[in-house]
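>
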Amino acid sequence: MRALTQQTTEKTAPKSKADSKPKKAKTTATASKKVFKSEEKKDVSTSSAPEEGPRTSVWLMKSEPDTFSIDALINSPDSTSHWDGVRNHEAKNLMKNLMKVGDRVLFYHSNTKEPGIVALAEIVREGYPDHTAFDPKSEYYDEKSTKEDPRWFMVDVKFTRKFKRIVTLKELQQYKDKELSGMKLLNRGRLSVQPVTDQEMDFILCLEQQELKEG
DNA sequence: GCCAACGTTGGC
DNA sequence: GCCAACGTTGGC
């Protein structure tokens with residue numbers, strides 16, 4: 001159904017094989033909760049930055065399963081792939097500027113029978129130039145993007161876990177006027193990379209756990 | 001900088 | 001396959 005050959009616009013999915021060497025970030029990402037002796041009056045100015053815990057955010061990234069499915073990500077080397085082919089500036093800017101190593105990603109299947117969130121993933125490499133834009137043979141080629149002045153960026157995403165069930169768009173829409181009233185997916189359908197608030201994330205993770213009623 | 005024409009996304 | 005929403009392009 002979906003032509004794999006279409007050009008030029010934002011194509012949500014990465015499709016080339018990850019050539020990136022996804023080294024698992026040397027992680028400060030999860031640890032670093034520094035325990036300090038509370039009794040002593042510490043000179044705050046130099047050392048302890050109690051605000052420290054790594055700031056992580058949540059994102060939703062769409063991919064067409066015919067182009068790049070969650071199983072394709074799982075089967076990539078180290079279950080990691082770069083997210084190439086995004087040709088929309090708003091989405092690109094998020095990848096270039098705001099996504100950080102350790103951020104969580106909701107992996108969404110779009111343009112398919114049952115659109116919805118299918119898995120969790122994680123950012124393992126921050127924004128860097130999308131090389132497919134440089135390649136005249138790539139369907140994502142953009143002559144305006146050069147190595148000296150790259151126009152498109154991507155991140156590397158690593159699989160975390162599948163959802164125990166698909167949390168479908170249909171289901172999410174039921175909360176459009178309630179818990180998920182601000183969710184971009186429901187209001188700005190066409191943005192392929194988008195931020196998710198902590199509250200939305202919590203809610204979605206609860207939905208995942210919920211058994212669906214028979215029906 | 002406006003805005004009409006055009007192209008794409010993506011649910012249905 | 002249809003088509004609404006919306007982003008991009010380019011003439012002026």
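Numbering (UniProt numbering), first residue to last: 1 to 215.
Positions of the beta carbon are idealized from the N, C-alpha and C atoms, including for glycine.
For clarity, every value in this text was computed on a predicted model and none was experimentally measured.
Could you pull the start and end residues of the beta strand (DSSP E) that His82 belongs to?
80–82
> Please classify Arg190: is it buried, with 16 or more other beta-carbons within 10 angstroms of its beta-carbon, or exposed?
exposed
> Taking one C-beta from the region 59–73 and one from the region 104–116 each time, how about it: are there three or more such pairs within less than 8 Å?
yes
> Reducing DSSP to helix, strand and coil, say where Leu191 ends up.
Taken through DSSP and simplified to helix, strand or coil, Leu191 comes out as coil.
> Suppose the cutoff is 6 Å on Cβ atoms and the five residues either side in sequence are ignored; what does the same chain contact list for Met183 look like?
Glu200
> Per the DSSP calculation, His109 is bridged to which residue(s)?
The partner list for His109 (beta bridge, DSSP) reads Ser63, Gly116.
> Return yes when the Cβ of His89 is within less than 7 Å of the Cβ of Met154, no when it is not.
no
> Let's test the definition: count the other Cβ atoms within 10 Å of the Cβ of Thr160 and tell me whether it reaches 16, buried, or not, exposed.
exposed
> If you drop the 5 nearest sequence neighbours on each side, which residues of the same chain put their C-beta closer than 6 Å to that of Pro65?
His109, Thr112
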